[in-house]
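Enquirer: In the numbering used here, the protein residues as written are 252 to 348.
Glycine included, each C-beta is placed from N, C-alpha and C at the ideal position.
(1) Is it the case that the Cβ atoms of residue 295 and residue 255 are separated by a distance below 9 Å?
(2) When you compare each of 277, 283, 308, 299 to residue 339 by their alpha carbons, which one comes out closest?
(3) With respect to 8 Å, is the separation between the Cβ of residue 281 and the closest non-hydrogen atom of the ligand GTP below this value?
(4) Under a three-way DSSP split, which group does residue 260 fall into?
(5) With a 10 Å radius around its C-beta and 16 neighbouring C-beta atoms as the bar for buried, classify residue 300 as buried or exposed.
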C-alpha cells in the first residue's frame, strides 16, 4: 500500500483554513479538520480515486471532501509508492495558495 505524507504546504493550508473557520464557527473547526484528515486516508489504499487536475501531469489529482454546504479540495501527487498531499483549499477558493 502506498505511503501517505503531508507536505509542509498542505499542513500550512489546513492551519490557514482552521484559523479562518474559527472566526466564523468555532464548533465547526474540529469537524472540518477531522473530515479532511479522515477522508484523505483513503488515498493510501486507492490513490487514483481523485479526479485528474487540469493543466497538470496525470500523477497530480484532486480529492473532493464534502463538508457542510460545500467542502474542501486536496491536491496530491502519486508517484506509484507515495501519495504526497500538496495543498488544501476550500471549494469556493479560486486556486491553491
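Expert: Taking the geometry as given:
(1) yes
(2) 283
(3) Annotation note on the ligand GTP: not contained in the displayed structure, which lists no ligands.
(4) helix
(5) exposed
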